[in-house]
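Just so it is clear: in the sequence shown, position 62 is 62 by this note's numbering, and no numbers are missing.
Yeah, the Cβ is synthetic: ideal placement off N, Cα and C, and Gly gets one too.
Below you'll find the structure, written out as structure tokens, and then a few comments.
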Amino acid sequence: MKYNPRVPSIKDMAVQARKRVPRFALDYLEGGIGEELGLQRNRKDLDDIILCPRYLRDVTSIDTSCELFGRKYDLGIGISPVGLGNMMWPRAEHILSSTAQRMNIPYILSTVSTTPLEDIARLAPDVSWFQLYVPKDVAIMQDLLQRVNRAGFKVLVITVDIPVGAKRERELKNGLILPFRLTPGLLLQVAGRPRWAIKTLRHGTPWFVNLDSYIDAGDTNHLSEFLTSFFMCGVTLERIKMIRSLWQGTLVIKGLLHAEDIEAVVKLGVDGVIVSNHAGRQLDAAPSSVSALQAVPDHLKRETTIMMDSGIRTGLDIVRARALGAKACFSGRSFMYGVAGVGDDGVRQAIEIFRDEITRTLQQLGCVQFSVMDHTWIDGA
């Protein structure tokens with residue numbers, strides 16, 4: 001077995017992470033918005049998808065690979081962008097990216113990551129994608145795109161679902177301030193997590209290093225307020241068209257839920273879409289990502305590469321999404337639970353858990369190849 005049998009699932013990794021990470025960091029990772037109904041909806045709607053197995057078939061050999069934009073990956077799961085990654089666990093972004101490279105799955109680095117993008121490109125030259133929160137200032141945007149291109153990223157992922165910074169009650173109650181500093185309340189939480197504290201002291205407090213040359217650290221406050229002031233309040237089709245003209249690599253839009261929006265960006269020449277409700281962190285009344293995926297017309301699934309994130313916790317979830325037309329899925333929390341709950345080897349173990357669950361699910365369903373899983377396996381289809 002290639003993972004710890006005492007921590008055999010992502011759910012178990014989450015339990016371990018909650019014992020090792022300070023409450024303010026954990027709430028930032030796990031929290032949603034409002035009553036957090038969107039978080040619950042993401043899970044419930046995935047759980048409601050029933051697949052009907054086909055037996056009387058030889059399932060000795062299973063192919064779990066998928067192809068995205070001309071590259072073959074070992075699994076149909078990638079690592080979603082997570083801002084302030086090193087706040088969840090020191091050096092998390094190094095561990096995530098280098099493990100993704102070794103295990104051949106996509107890794108998306110966030111604009112608001114805390115590791116220089118050039119370092120990540122060197123650690124994971126073949127699998128790293130860059131996620132862009134679009135700056136209001138066009139000159140800053142152009143400079144950032146040039147840096148991403150020079151570093152060697154081949155896939156650019158534009159997040160479009162944050163027209164306004166979210167009011168996340170957990171973060172407000174914790175008083176999470178940027179630049180990150182230990183207030184008396186946060187210090188009490190850190191005192192109970194000595195491994196996190198020692199590693200953070202050794203590696204330094206997290207900061208938006210990729211934006212250093214564009215912002216004054218003294219101007220930042222709460223995360224949502226910073227995002228609203230620096231980045232666009234609503235990414236427009238005109239701005240996407242501009243980025244398409246500037247970016248010669250693969251272009252993906254993340255955060256769309258409505259079929260008409262997907263159709264609009266496809267007409268502009270984007271290469272793919274990640275259907276996502278931002279993990280239930282922006283609008284509590286938004287549809288779940290998987291229900292939005294179900295509503296994407298078949299012709300769009302044929303015309304462009306449709307992917308999905310939000311709510312993914314098991315290999316079964318990934319197979320469910322594939323049956324609904326997603327070429328691949330992404331998850332951020334799952335892999336953060338791995339590194340925070342298990343340590344440096346936790347990301348590898350999380351990937352192996354997904355690999356094992358995908359393989360077993362495909363065998364149970366009578367499907368020998370992940371890439372051919374489709375709606376015919378959905379019960380009642």
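> Counting pairs of beta carbons, one from the segment 148 to 167 and one from the segment 127 to 137, are three or more of them closer than 8 Å?
Replying inline: Because the criterion of three Cβ pairs below 8 Å is met, the segment 148 to 167 and the segment 127 to 137 touch.
> What are the partner residues of Y133, as DSSP defines its beta bridges?
Replying inline: Per the DSSP secondary-structure output, Y133 pairs with nothing in a beta bridge.
> Can you round the beta-carbon distance between I158 and K254 to whole angstroms, since I take them to be within the 8 Å contact cut?
Replying inline: Rounded, the Cβ-Cβ distance is 7 Å, consistent with contact.
>> Would you call the segment 189 to 200 in contact with the segment 277 to 288, where contact means no fewer than 3 C-beta pairs closer than 8 Å?
In response: Touching, no.
> Do three or more CB pairs link the segment 48 to 61 to the segment 296 to 308 at distances below 8 Å?
Replying inline: The segment 48 to 61 vs the segment 296 to 308: no contact.
> Using the C-alpha atoms, what's the distance from I77 back to D119?
Replying inline: Across the structure, D119 and I77 are spaced so that their CA atoms are roughly 23 Å apart.
> Which term fits V275, buried or exposed, when burial requires 16 or more other beta carbons within 10 angstroms of its beta carbon?
Replying inline: Counting other Cβ atoms within 10 Å of its Cβ, V275 reaches 16 or more and is therefore classed as buried.
>> If I measure Cβ to Cβ from E357 and keep anything under 7 Å in the same chain, skipping five residues before and after, which residues do I get?
In response: Leaving aside the five residues that flank E357 on each side, the residues in its chain whose CB is nearer than 7 Å to its CB run, in chain order, T314, G315, L316.
> Shortest alpha-carbon distance to A124 belongs to which of S97, I353, I198?
Replying inline: The alpha carbon of A124 has as its nearest neighbour, out of S97, I353, I198, the alpha carbon of S97.
> Is it true that the CB of R147 sits closer than 8 Å to the CB of L117?
Replying inline: In this structure, the beta-carbon distance from L117 to R147 falls below 8 Å.
> Nearest-angstrom Cα distance between G234 and M13?
Replying inline: Each residue's alpha carbon lies about 35 Å from the other.
>> Just to confirm before moving on: does the CB-CB distance between P382 and W196 stay below 8 Å?
In response: Since the first and last residues shown for the chain are 1 and 381, residue 382 lies out of range.
> What do you get for C422, buried or exposed, if any count of 16 or more other CB atoms within 10 angstroms of its CB means buried?
Replying inline: No answer is possible for residue 422: the residues shown for the chain start at 1 and end at 381.
> What is the C-beta distance between M373 and V296, in whole angstroms, given that I count them as a contact (C-beta under 8 Å)?
Replying inline: Between M373 and V296 a beta carbon distance of about 16 Å is seen, past the 8 Å cut, so the two are scored as non-contacting.
> Based on Cα-Cα distance, which residue from V252, D74, N42, E30 lies nearest to T359?
Replying inline: Out of V252, D74, N42, E30, the CA that lies nearest to the CA of T359 is found in D74.
> Below 8 Å, can you find three or more Cβ-Cβ pairs linking the segment 334 to 344 to the segment 81 to 89?
Replying inline: In short, these stretches touch, since the Cβ pair count reaches three.
> Helix or strand or just coil, what does DSSP make of M308?
Replying inline: M308: strand per DSSP, three-state reduction.
> Where in the segment 54 to 132 do unbroken runs of the beta strand (DSSP E), each at least 3 residues long, occur, reported from the N-terminal end onward?
Replying inline: Fully enclosed beta strand (DSSP E) runs of 3 or longer: 66 to 68, 71 to 73, 77 to 79, 107 to 109, 128 to 132.
>> Can you check which of these residues, M232, D345, A328, is closest to R71 by C-alpha distance?
In response: That would be A328, whose Cα lies nearest to the Cα of R71.
> How long is the line joining the alpha carbons of R239 and T64, rounded to whole angstroms?
Replying inline: Each residue's CA atom was taken as its position, placing R239 and T64 some 37 Å apart.
> Residues bridged to S331 by DSSP?
Replying inline: Bridge pairing for S331: I79 [DSSP].
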